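Since the structure comes first, as structure tokens, the remarks are kept for the end.
Chains as they are written, first to last, in our numbering: chain A, 3 to 106; chain B, 3 to 106.
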């Protein structure tokens, strides 16, 4: 039913930016966001464009972790903490985190 | 950057049900939801448990389409239309659709 095997977690965040669409600031933020995919423990990292007319988010990222310890290590990783403090809090207008595990 | 190749679409829906957690009604709805994965054109179907403490959704489904025509065919497929009319509208308390395409 899922490619997520038991114990694994898929972490997703949908977001909009304060920047003008297509701007250099937007590109720079997305590049910094994409760099999070290099943090140890991050698997299947994807930076995506949100296209549903039924919500206002414009981008998304998706990543998987082998277990909650890997997820926690990512959250606490200095590169992630710095990104949240230095970029996310100033440049993200709205966001929603949605995390999935296998159903059973 | 993404497993989604250009032109492909990942359609996701996060949702909560009116049913008691663990109830027979919940199981029955989820089984009907899972059956949508058999509709022609639906790829990489997943039925998932939403686990983030930062939102109130309890389940999710994710599927991919080769292109917008396949997505539209799914939306208009009699099995999908019947599911929305007969089950979704009565048994889903809240939901959010988020659709992704490759960023570039």
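C-beta atoms are modelled at their ideal positions from N, C-alpha and C, and glycine is treated no differently.
Computed from a prediction, not measured in an experiment: that's the story for all the values here.
query	result
Contact defined as beta carbons within less than 8 Å: I believe residue 22 of chain A pairs with residue 102 of chain B. What is the distance between those atoms, to the nearest angstrom?	Actually they are not in contact, since the Cβ atoms of residue 22 of chain A and residue 102 of chain B sit about 22 Å apart, beyond 8 Å.
When you compare the segment 61 to 69 of chain B with the segment 5 to 25 of chain B, are there three or more beta-carbon pairs, one atom per stretch, that lie closer than 8 Å?	yes
Which ranges does the alpha helix (DSSP H) cover as unbroken runs of at least 4 residues, wholly within the segment 34 to 73 of chain B, from first to last along the chain?	none
So that I know if they touch, is there some Cβ in chain A lying closer than 8 Å to that of residue 66 of chain B?	no
Against residue 104 of chain B, what residues of chain A qualify as contacts under a CB-to-CB distance less than 8 Å, listed in chain order?	50, 51
Give the range of the alpha helix (DSSP H) segment to which residue 83 of chain B is assigned.	80 to 85
Using a C-beta cutoff of 8 Å, does residue 3 of chain B count as contacting chain A?	With a pLDDT of 44 at residue 3 of chain B, under the threshold of 50, the predicted position of this residue should be treated as unreliable, though the coordinate-derived value follows. It does; some Cβ of chain A falls within 8 Å.
Which residue from B:85, B:62, B:81 puts its Cα closest to that of residue 96 of chain B?	B:62
Within 10 angstroms of its Cβ, does residue 27 of chain A collect 16 or more other Cβ (buried), or is it exposed?	exposed
Among A:35, A:43, A:44, A:42, which one has its Cα closest to the Cα of residue 1 of chain A?	Shown here, chain A extends from 3 to 106; a query on residue 1 of chain A therefore has no answer.
Taking C-beta pairs closer than 8 Å, name the residues in chain A that residue 59 of chain B reaches, listed in chain order.	100
Looking at the secondary structure, which residues open and close the beta strand (DSSP E) in which residue 18 of chain B lies?	11 to 19
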